[in-house]
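Heads up: the structure comes next, in C-alpha cells.
Chains as they are written, first to last, in my numbering: chain C, 1 to 365; chain H, 1001 to 1500.
What follows is the structure, encoded as C-alpha cells:
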C-alpha cells in the first residue's frame, strides 16, 4: 500500500481516480489471465502447458531487452489511438472509427513518405503531420455529421471504417502508389528520411523500438494537459458529462463535438503514421491490423485517463509480444490472447464484479 | 388496526439514516411525519413498505411482528404508499392502471376488465374520489392522477396509506380537495401517514405530528397546541426566522422589458403566447403558477436557452432577443436554474470546477486556453465561505453535498460576480429550512442593493413572502398581475385559470 500512496502522489491523483485508473485495471487483468488459463486447462491442455504459457507470456513481454522492445513497439500505435478514443469518451463520444482514421492517416503518411524528397528531420515531421491531419479530417466528417444532423457517431464511424478499408485497397493498386513489379496491394516503401529512428540500434540493430514511443509518451502528457488544464478540455468534459449544464454554461456543444472528434482522429492518424514510419515502412491492405479496435479496449481499460491509457497501452503491447512467445515456446494458440483481452474488457465493463471478487481493495461506501 | 415501528435503525455505510425510531399509527388516525430533506423520512417509509430491511428493530402489525422482504409483502399486509412521483402508465385507462400487476383473471388467464372496472367504480364512489374508470390517465389533471394512485392502493386493500409530499404538485384548490379526501379516508377507518416539510399542512390535517431530525424522532406534537415556528425549531434544531423581513422600497428604473413574447415548445406547441412584462431595479417580481404552465419555457427564453419565435426582450433598453446564453450571462443577467442537478451543476465535477462552470473562459480563470486552477480554487473557497457552503473541501465532487449546500453553491456562483438581474427559478426546491432562510435573505439583500430579481416558484408561500409584485402564469399566458398583499386565495384562483 506504500507503493500505492507513492504512485498517487507522483501523479497527484485523488483516491477515487486512483482506484479507477490503477487498481481496477490491474485486478481485471489478473482475473482475465487467471480465467484464460483455466479455459486452457478446460480445453484439455496439461498443467505444465498452462504454466509454461503463463511464464512465456511474462518472459516474452518483459523478460529481456528485446522482449521489452517488442512490447513497447506494439504499444506505441495503441497508445496514440487510445488517447484519441479517450478524448472522445471525455466529450461523450464513442469513436469506433479509429481503425479507419489510422488507415487514412497511414495512407497519407506513406504517400508523402515515398514521393517527396526532403532533409531528414523535416521529412519525418511532415509525414507525421500529414498523417495526423488526414486522420483528423477523416474523423471530422463524423463530428460534423453529429453536430449538424444528429447522426450518431457510432454508426457513422463504423461506416467510415468500411469506406476506409476499400479506399485503401483502391489506392494501393494505383500505379503511382503500388510498388513496382507487384500485383498485390502494397505501396512503395517510405524513404529513409521519413523513418522514425530506432532507439536501441546501438545495442542491437534488430531491436525495433523507435522514437514513436517517445512521441506517444509526449502525447500522453499533452492530452493530459488538454483534458484537465485547458478551456477546450473543460468544454469537452462539460459537454460529455452533462449536456444540459453545458448549454446552461454557454458552451458551444456543436463545436466541442467537432473538435473532440477531430482531435480523436488526429491521434489515430498519428498512430497510423508512426506505424508506417517506425515499423512497417510501407502500407499493405491489412496494415492497420485491428489496432483501432484494440485501442477502444485500451481506452476503456485506462478509464479514459491519459495516464491510464499509457499503462494499459503498454499492457496490451505486452500481451501481443508475450503472446507471440507463448505461441512459440508453449505451443498455445495466439487466440488465447484475444480471449484474455476480451475478458479484461468484460471485467472492466463490470467494475462491480471486480469489487465483489476483491472487496478488500475497496473502501466501504 | 395498529402499526408500530419499534427501535428501527438503518445505516448506509457510516451514515445512520434512522436511529432507534419508534412510532405508531392506528386506524382512523392521520400521523404527520415532518422533517427536512435527509432527516430519514424516506428511509423509514422504505422500511415500512418493504424496500429496505432495517439493521435492527421491528415492524408490528396488530401487535404481531412482521418482516417484509419486498413491497409486495407490505401491500399484502395492508401497507400502501402514494409516491411523490406517480407511477402510472399514461396511455392506459384508469382501470388498467389500477389493476396493473394485480389483474383479476377469469378462466384461461383472461383479464376480467368488467369486474375490475366495477371495483374501481365502487372504490371511487365510496371515498368520493370522483374518478372515471374508463378515462385515459394522460388526459387527467395531476390532482386526479393522484386519486388514481389512491385507488390503486385501496384496490389492493390497503389499511395504512402513506403519502409522500402529496401536495407538492397540486394547486391550492386541489390541495383543499385532497385534504377532504384524506379526512374521508380517515373517517372510514384507514390509518394515514402524511409526509411533508410544509408546516401549515401538518397542523391543518394531522391528528398527531412526529418530527424527525438527523434520523431520530425528536418530538411528538399535538397540532392544536403548536405553531409554525415551534415546529420549525424542532425540525431544524434551532430557532428559525420564518417571516422574511422585507422592507418596502421604491423600485428603480426599468431593467427588463418583455414585449409580445411567443415561444414554441420542442413538440411544436405554443407554450408562451403574448407575454408582456416589465421588471425594475430594486424589485422582486414573482411568477406564480402551477408547474407546467409555461414558466420553464419563459425563463429558458429569457436566458437564451430556448428560441423566441416572436416578440422582443429589452435589457437596459438594449434589444437582446435570441442572444446566446453566454452573451446574456456576460451582460450581467444571472440565472439560477430550476433543476440544479440537471443544469446548474455537474454532479461528477468538483466544487472548483462547478464554480467556474460558466466563467472558465474569463480572464480571471484562464489565459489563452490554459486554465488557472489556483485562481479557480481560491474563488471556490471565497464563494463557499461567503455563501456558507459546507463541504469537506473545494475539490470534493458536487454530489457529495446536500441539496441546500448545492443550491448555495449555485447561488453564490451567480451572485458573486457582475450582476444586474437575477433570474431565480425554484431557488429553494428540495432545500432544508435553514438554507431556505439563508437563500431568502440573500435574495432580499440583492434586491436592496439595486438588483432586479425575477423569481419563479411553484411554492405560493415563497412567492408571497418575497415578491414586490406578482404575475400569474396559466397555460402560457399572464392571466393576472397582482400586488404582493393579495389574498392567497385569489392568487390560487388565478393559478387555476378561474379568474383572469
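Ideal Cβ placement from N, Cα and C applies to all residues, glycine included.
Taking C-beta pairs closer than 7 Å, name the residues in chain C that residue i reaches, listed in chain order.
i, result
"residue 1502 of chain H", "The structure shown does not extend to residue 1502 of chain H, since chain H is modelled only from 1001 to 1500, so the question has no answer here."
"residue 1393 of chain H", "Result: empty, since nearest Cβ-Cβ is about 10 Å, beyond 7 Å."
"residue 1326 of chain H", "250"
"residue 1337 of chain H", "248"
"residue 1329 of chain H", "250"
"residue 1369 of chain H", "230, 231, 232"
Run through chain H and tell me which residues come within less than 7 Å of residue i, C-beta to C-beta.
i, result
"residue 355 of chain C", "Result: empty, since nearest Cβ-Cβ is about 14 Å, beyond 7 Å."
"residue 263 of chain C", "Neighbours of residue 263 of chain C on chain H: none; closest Cβ ~13 Å, over 7 Å."
"residue 242 of chain C", "1346"
Can you tell which of the options has its C-alpha closest to the C-alpha of residue i?
i, options, result
"residue 195 of chain C", "C:110, C:315, C:92", "C:110"
"residue 402 of chain C", "C:40, C:275, C:59", "Here chain C has residues from 1 to 365 only, and residue 402 of chain C is not among them."
"residue 1006 of chain H", "H:1141, H:1217, H:1077", "H:1217"
"residue 1273 of chain H", "H:1311, H:1450, H:1176, H:1056", "H:1311"
"residue 1455 of chain H", "H:1298, H:1234, H:1204", "H:1298"
"residue 1292 of chain H", "H:1208, H:1457, H:1134, H:1379", "H:1457"
"residue 1452 of chain H", "H:1316, H:1371, H:1410, H:1017", "H:1316"
"residue 1434 of chain H", "H:1447, H:1049, H:1389", "H:1389"
"residue 249 of chain C", "C:236, C:44, C:138, C:362", "C:236"
"residue 116 of chain C", "C:46, C:192, C:94", "C:192"
"residue 1481 of chain H", "H:1471, H:1275, H:1086, H:1256", "H:1471"
"residue 1185 of chain H", "H:1153, H:1395, H:1165, H:1327", "H:1153"
"residue 348 of chain C", "C:298, C:331, C:323", "C:298"
"residue 1477 of chain H", "H:1121, H:1369, H:1271", "H:1271"
"residue 229 of chain C", "H:1353, H:1209, H:1193, H:1286", "H:1353"
"residue 1414 of chain H", "H:1329, H:1026, H:1369", "H:1329"
"residue 1279 of chain H", "H:1248, H:1268, H:1304, H:1313", "H:1313"
"residue 1334 of chain H", "H:1412, H:1288, H:1373", "H:1412"
Using only the heavy atoms of the ligand NAD, determine whether one of them is closer than 6 Å to the beta carbon of residue i.
i, result
"residue 276 of chain C", "Of the ligands one can find in the structure shown there are none, so the ligand NAD has no counterpart to examine."
At a CB-CB cut-off below 9 Å, which residues of chain C make contact with residue i?
i, result
"residue 1366 of chain H", "230, 231, 234"
"residue 1344 of chain H", "245, 248"
"residue 1349 of chain H", "237, 238, 241, 242, 245"
"residue 1234 of chain H", "Simply none; closest approach about 31 Å."
For residue i, which beta-bridge partners are listed by DSSP?
i, result
"residue 1208 of chain H", "H:1031"
"residue 1257 of chain H", "H:1278, H:1314"
"residue 1483 of chain H", "H:1469"
"residue 1015 of chain H", "H:1012"
"residue 1216 of chain H", "H:1213"
"residue 1248 of chain H", "None, per the DSSP bridge assignment."
"residue 1286 of chain H", "H:1455, H:1470"
"residue 1191 of chain H", "H:1029, H:1160"
"residue 198 of chain C", "C:210"
"residue 1174 of chain H", "None, per the DSSP bridge assignment."
"residue 178 of chain C", "C:187"
"residue 90 of chain C", "Per DSSP, none; premise fails for residue 90 of chain C."
Listing by chain order, which chain H residues have their CB less than 9 Å from the CB of residue i?
i, result
"residue 17 of chain C", "Per Cβ cutoff of 9 Å: no residues; residue 17 of chain C is ~11 Å from chain H at best."
Strictly below 8 Å CB to CB, what residues from chain C border residue i?
i, result
"residue 1305 of chain H", "247, 248"
"residue 967 of chain H", "In this structure chain H extends from 1001 to 1500, so residue 967 of chain H is not present and cannot be described."
Say whether the segment 1426-1446 of chain H touches the segment 1360-1367 of chain H, bearing in mind that this needs 3 or more beta-carbon pairs closer than 8 Å, one atom from each stretch. no
For the 8 Å Cβ check, are there 3 or more pairs between the segment 292-304 of chain C and the segment 128-135 of chain C? no
When you compare the segment 1387-1399 of chain H with the segment 1342-1353 of chain H, are there three or more beta-carbon pairs, one atom per stretch, that lie closer than 8 Å? yes
In the segment 1296-1360 of chain H, which residue ranges form an unbroken alpha helix (DSSP H) of at least 4 residues, counting only runs that do not cross its ends? 1325-1330, 1351-1355
Ranges of the alpha helix (DSSP H) found wholly within the segment 1080-1167 of chain H, counting only runs of at least 4: 1094-1099, 1113-1126, 1142-1155
Assess contact between the segment 24-37 of chain C and the segment 306-315 of chain C, defined as three or more Cβ pairs (one per stretch) separated by less than 8 Å. Is contact present? yes
Indicate whether the contact test is met: 3 or more Cβ pairs, each with one atom in the segment 1173-1190 of chain H and one in the segment 1094-1113 of chain H, closer than 8 Å. no
Check whether the segment 259-270 of chain C and the segment 48-61 of chain C are in contact - that is, three or more C-beta pairs closer than 8 Å. no
Output the residue ranges of the beta strand (DSSP E) runs that lie fully inside the segment 1372-1429 of chain H and measure 3 residues or longer, sorted by chain position. 1421-1425
Ignoring anything shorter than 4 residues or poking outside the segment 93-172 of chain C, list the alpha helix (DSSP H) runs there in chain order. 98-115, 120-149, 153-172
Restricting to runs no shorter than 4 residues, where is the alpha helix (DSSP H) found entirely within the segment 272-310 of chain C? 291-301
Does the segment 1160-1168 of chain H come close enough to the segment 1195-1205 of chain H to have 3 or more Cβ pairs within less than 8 Å? yes
Inspect the CB distances between the segment 1108-1126 of chain H and the segment 1025-1040 of chain H and report whether three or more fall short of 8 Å. no
Which runs of the alpha helix (DSSP H) at least 4 residues long sit entirely within the segment 216-250 of chain C? Give them in chain order. 231-241, 243-248
Is the segment 1018-1029 of chain H close to the segment 1224-1232 of chain H, with three or more CB pairs under 8 Å? no
Taking one C-beta from the segment 149-167 of chain C and one from the segment 99-106 of chain C each time, how about it: are there three or more such pairs within less than 8 Å? yes
Determine contact between the segment 139-156 of chain C and the segment 326-337 of chain C, defined as no fewer than three beta-carbon pairs at a distance below 8 Å. no
How do the segment 1047-1058 of chain H and the segment 1006-1015 of chain H stand: do at least 3 beta-carbon pairs fall below 8 Å, yes or no? yes
Given 8 Å, three or more beta-carbon pairs between the segment 75-84 of chain C and the segment 210-218 of chain C: yes
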